[in-house]
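Each protein sequence line maps, in turn, to chains A and B. Counting from 1 along the first sequence, just add 100 to a position and that's the residue number in the numbering used here. Counting from 1 along the second sequence, just add 100 to a position and that's the residue number in the numbering used here. Cβ atoms here follow ideal geometry from the backbone N, Cα and C, with glycine treated the same way. In what follows, a structure is listed as structure tokens, so that the remarks can point back to it.
Protein chains: 2
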Amino acid sequence: MGLDNRKKEVLQAIVDDYVATCEPVGSKALIDRHDFMVSSATLRNDMAELERMGYLEQPHTSAGRIPSDKGYREYVNSLMKVDHLSDEEGREIKEKLGKSFDEIASLLKAASAALADQTGYISLAVTPKLTSSYLTQLKMLMIEPGKVLVVVVLSAGVVKNRMVRIPDFLTQEQVAQISNAVEQGLSGMPLSEISLITVATAAKDNQKVELPDALLNQVLYEAYTAIKQADNLDVYMDGKHRMLSLPEFSDTKRAQGLFDTLSHDGLVAGYVDEVAQQDGKKEYMIRICQEITLEGLDGCSFITTTYNVGGKVAGNIGVIGPKRMEYSKVISQINFVRMMIDEQLKQ
Amino acid sequence: MGLDNRKKEVLQAIVDDYVATCEPVGSKALIDRHDFMVSSATLRNDMAELERMGYLEQPHTSAGRIPSDKGYREYVNSLMKVDHLSDEEGREIKEKLGKSFDEIASLLKAASAALADQTGYISLAVTPKLTSSYLTQLKMLMIEPGKVLVVVVLSAGVVKNRMVRIPDFLTQEQVAQISNAVEQGLSGMPLSEISLITVATAAKDNQKVELPDALLNQVLYEAYTAIKQADNLDVYMDGKHRMLSLPEFSDTKRAQGLFDTLSHDGLVAGYVDEVAQQDGKKEYMIRICQEITLEGLDGCSFITTTYNVGGKVAGNIGVIGPKRMEYSKVISQINFVRMMIDEQLKQ
DNA sequence: GTTTAGCACTCGAGAAGGTTGAGTGCTAAA
DNA sequence: TTTAGCACTCAACCTTCTCGAGTGCTAAAC
Numbered sequence: 101m102g103l104d105n106r107k108k109e110v111l112q113a114i115v116d117d118y119v120a121t122c123e124p125v126g127s128k129a130l131i132d133r134h135d136f137m138v139s140s141a142t143l144r145n146d147m148a149e150l151e152r153m154g155y156l157e158q159p160h161t162s163a164g165r166i167p168s169d170k171g172y173r174e175y176v177n178s179l180m181k182v183d184h185l186s187d188e189e190g191r192e193i194k195e196k197l198g199k200s201f202d203e204i205a206s207l208l209k210a211a212s213a214a215l216a217d218q219t220g221y222i223s224l225a226v227t228p229k230l231t232s233s234y235l236t237q238l239k240m241l242m243i244e245p246g247k248v249l250v251v252v253v254l255s256a257g258v259v260k261n262r263m264v265r266i267p268d269f270l271t272q273e274q275v276a277q278i279s280n281a282v283e284q285g286l287s288g289m290p291l292s293e294i295s296l297i298t299v300a301t302a303a304k305d306n307q308k309v310e311l312p313d314a315l316l317n318q319v320l321y322e323a324y325t326a327i328k329q330a331d332n333l334d335v336y337m338d339g340k341h342r343m344l345s346l347p348e349f350s351d352t353k354r355a356q357g358l359f360d361t362l363s364h365d366g367l368v369a370g371y372v373d374e375v376a377q378q379d380g381k382k383e384y385m386i387r388i389c390q391e392i393t394l395e396g397l398d399g400c401s402f403i404t405t406t407y408n409v410g411g412k413v414a415g416n417i418g419v420i421g422p423k424r425m426e427y428s429k430v431i432s433q434i435n436f437v438r439m440m441i442d443e444q445l446k447q
Numbered sequence: 101m102g103l104d105n106r107k108k109e110v111l112q113a114i115v116d117d118y119v120a121t122c123e124p125v126g127s128k129a130l131i132d133r134h135d136f137m138v139s140s141a142t143l144r145n146d147m148a149e150l151e152r153m154g155y156l157e158q159p160h161t162s163a164g165r166i167p168s169d170k171g172y173r174e175y176v177n178s179l180m181k182v183d184h185l186s187d188e189e190g191r192e193i194k195e196k197l198g199k200s201f202d203e204i205a206s207l208l209k210a211a212s213a214a215l216a217d218q219t220g221y222i223s224l225a226v227t228p229k230l231t232s233s234y235l236t237q238l239k240m241l242m243i244e245p246g247k248v249l250v251v252v253v254l255s256a257g258v259v260k261n262r263m264v265r266i267p268d269f270l271t272q273e274q275v276a277q278i279s280n281a282v283e284q285g286l287s288g289m290p291l292s293e294i295s296l297i298t299v300a301t302a303a304k305d306n307q308k309v310e311l312p313d314a315l316l317n318q319v320l321y322e323a324y325t326a327i328k329q330a331d332n333l334d335v336y337m338d339g340k341h342r343m344l345s346l347p348e349f350s351d352t353k354r355a356q357g358l359f360d361t362l363s364h365d366g367l368v369a370g371y372v373d374e375v376a377q378q379d380g381k382k383e384y385m386i387r388i389c390q391e392i393t394l395e396g397l398d399g400c401s402f403i404t405t406t407y408n409v410g411g412k413v414a415g416n417i418g419v420i421g422p423k424r425m426e427y428s429k430v431i432s433q434i435n436f437v438r439m440m441i442d443e444q445l446k447q
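Listed below in structure tokens is the structure:
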């Protein structure tokens, strides 16, 4: 049932060659480029066998073989060698991420850019899932009468802000008092426990000014929305246009389909998260072509990994490339970037 | 020298047809689709003449004619009729922009999305140039020891924030005092007059705590940077991937060149601004193909217009499309969106 | 049993040639 | 100045042909 050693080598060689050239690989080419100690006829037999077993495919009778999804899967599971990044490459990435960032958002943006640059594929970075984090600060700054900037600071160092409208006649002092009351009542509370009710309770317990309930509730609702919104997953994506130079996307229809899907940040973030749930324990997650349950990504593969904030599992970064991707290289690149992120978010 | 009436009609008809079909227009097709009261032979003579004058081009001898850059220029300058948007279209745009926005950033983002949707081309919206506006608020919120969020509020209703690092041992009170001092000293001051020196003066005139100069200056420098950074032009772009469905970009090389250029926000913003400087007085600015002095936009045209904040000239919105663009329609769409923006930013 | 040489076969890619038809310019008459 | 008529051009398309990389199968060799 399993593959004997030579078959494994053959499959590996075919994947390597096909990844490099995007051309079906024939038995002769295989002999030329690798030093198998057997003849092409023998390889032909092996290849026919591999095809029968589902690891290879033939575009047409008189062409070479290309790996099937199953072939790629076998390759990433047991054949490829993930080795360390060359010093040179490590240095390049470090250069792009070298300076320290004061905000997760900028760090992720830079990481995404670096990853796209380095891999040549599409990179993505998703902000941490914040359900396990708690509120540390809430400030409401009156920008002008009726307009308030709500700044929400969460434990993981995430800062978000949102402009909201409130009744015109509320004074700066009143707003500040509400803001202080809510902050006092909620700071330290896990995001998951914050609801409209807890917000209201916090305000009323700590409030020193008297305001009609309806009015107060309106302001509190805005504060609540701002807090909840801080929990949204943001996605940073980069390198999309590089895909156009790949032969598999020389057909603009396909490229368009891909871009269409990718323009829905929510879909992508959701899918990344879903994958992370499924493969939670693994160092990195891989989805090959048909394994991707997200429409429009035909012919693509997906590699993601999880970075940590303050030691706890948090967000994801990853790469979307063609099925014919340099898996081992990309994995080591992603790992390296993840390590750099972890380093910066250590405490 | 000038064009007689029929020649004008012929040119107009050719542009219209070519825009619609992206196929070279022949004399017969012209007769079929428009009711010229002359024969195709006559049109042939006119077309030959128009070609001699530089308004038309012929891809090859036995093909129809397509408009040259000069032809498009003549078309937009004096032939096309810019008419009002259909009620239907106006309604669609209004729907997308209908709700009021509390922040310029979100408004522009929505405007850009609506414009891209509506035109089917690439839209862009550039934040206002803020040199003529002044600082109204500056708040420094201590997020954790050593990390401060600087919130800058400008007169045009623009709010920006930036996380900065300061020495660890500064207390919340000290930061608040510096922040208050700077705000007090600078609020109402035009951005153009704010410099490291004015920031320092403001702080020292109003400061109540004593801090070593070197330390204070470090914090002030960060505040200054945050203020200056609020002046950066941001660009919101949308609809890029739609270009892939146009026949002129079925060649992925070209699409890639375009996307490459557009990924440099700074370049685009700078160019938009440059165009606005040149054509300042006009209701809308048009650059056709070769007229665009920005590399990588071969075959594209550019239509922009200027929106106002509080009655003063401010930022720009626009559309990038193929040279073969529905100029008159796009112009009316841009105008409509501009009006909607002006409306929201009236005061 | 495994490997190999040999051979007939397959089939896409690309070149060569032919046809079609939309479009032209020119001329001569209206 | 306009028009009909006609010869001419040339990309696009189709068909046909050749080429060669690659295959599977068989029978001999190891």
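By the Cβ neighbour-count rule, T121 of chain A is exposed, with fewer than 16 other Cβ atoms within 10 Å of its own.
Interface residue (Cβ-Cβ distance to chain A less than 8 Å): M439 of chain B is not classified as such. The straight-line gap separating the alpha-carbon atoms of D187 of chain A and D338 of chain A is approximately 24 Å.
When Cβ-Cβ separations below 8 Å define contact, I243 of chain B makes contact with chain A.
The C-beta of S345 of chain A comes closer than 8 Å to at least one C-beta of chain B. Contacts with chain B at 8 Å (Cβ-Cβ) do not include M153 of chain A. Taking a contact to require three or more Cβ pairs closer than 8 Å, the region 232 to 246 of chain A and the region 113 to 130 of chain B do not qualify as touching. Within the DSSP secondary-structure output, V250 of chain A pairs in a beta bridge with A:M240 and A:R262. Contact between L358 of chain A and G396 of chain A is confirmed by a C-beta separation of about 6 Å, below the 8 Å threshold. E244 of chain A and F436 of chain B have their alpha carbons spaced roughly 28 Å apart. One thing to note: M425 of chain A has its Cβ within 8 Å of the Cβ of Y221 of chain A.
Ranking B:L241, B:Q277 and B:Q274 by CA distance to the CA of K260 of chain A puts B:L241 first. In this structure, the CA atom of V282 of chain A is about 5 Å from the CA atom of A303 of chain A.
Judged by beta-carbon spacing, I204 of chain B lies within the 8 Å limit of T227 of chain B, meaning their Cβ atoms are closer than that value. Per DSSP, the unbroken alpha helix (DSSP H) holding N105 of chain B starts and ends at N105 to T121. Close partners of V264 of chain A in chain B (Cβ separation under 9 Å): D202. Taking R144 of chain B as the centre and dropping the five residues before and after it, the same chain places the C-beta of S127 closer than 8 Å to its C-beta, in chain order. 8 Å or more divides the Cβ of S401 of chain B from the Cβ of I417 of chain B. Looking at the DSSP output, F402 of chain B shares a beta bridge with B:R387 and B:I420. Assigned with DSSP and collapsed to three states, K128 of chain B falls in helix. Counting other Cβ atoms within 10 Å of its Cβ, V138 of chain B stays below 16 and is therefore classed as exposed. The beta carbon of A376 of chain B is closer than 8 Å to those of M385, T404, T406 and N416 in its chain, skipping five residues each way along the sequence. Boundaries for S428 of chain A: no beta strand (DSSP E) harbours it, while the alpha helix (DSSP H) harbouring it runs Y427 to Q444, taken from the DSSP string. The three-state secondary structure of S186 of chain A, taken from DSSP, is coil. At least one C-beta of chain A is nearer than 8 Å to the C-beta of A355 of chain B.
Each residue's CA atom was taken as its position, placing N317 of chain B and Y324 of chain B some 10 Å apart. Residue pairing by DSSP places R165 of chain B opposite B:V125 in a beta bridge. When 8 Å is used as the limit between beta carbons, F359 of chain A is near these residues of chain B: K340, H341 and L344, in chain order.
When secondary structure is reduced to three states using DSSP, P347 of chain B falls in the helix class.
In the three-state scheme derived from DSSP, where H, G and I count as helix and E and B as strand, L362 of chain A is classed as helix.
Against T352 of chain B, the close residues of chain A are L344, S345, F349, S350, T352 and A355, in the order they occur along the chain (beta-carbon pairs closer than 8 Å). The three-state reading of DSSP puts M137 of chain B in coil, since its state is none of H, G, I, E or B.
Per DSSP, the unbroken alpha helix (DSSP H) holding D305 of chain B starts and ends at L296 to N306.
Nearest to V372 of chain B by C-alpha distance, out of B:L224, B:A211 and B:E383, is B:L224. Distance from the CA atom of V335 of chain A to the CA atom of L333 of chain B, rounded to whole angstroms, is 22 Å.
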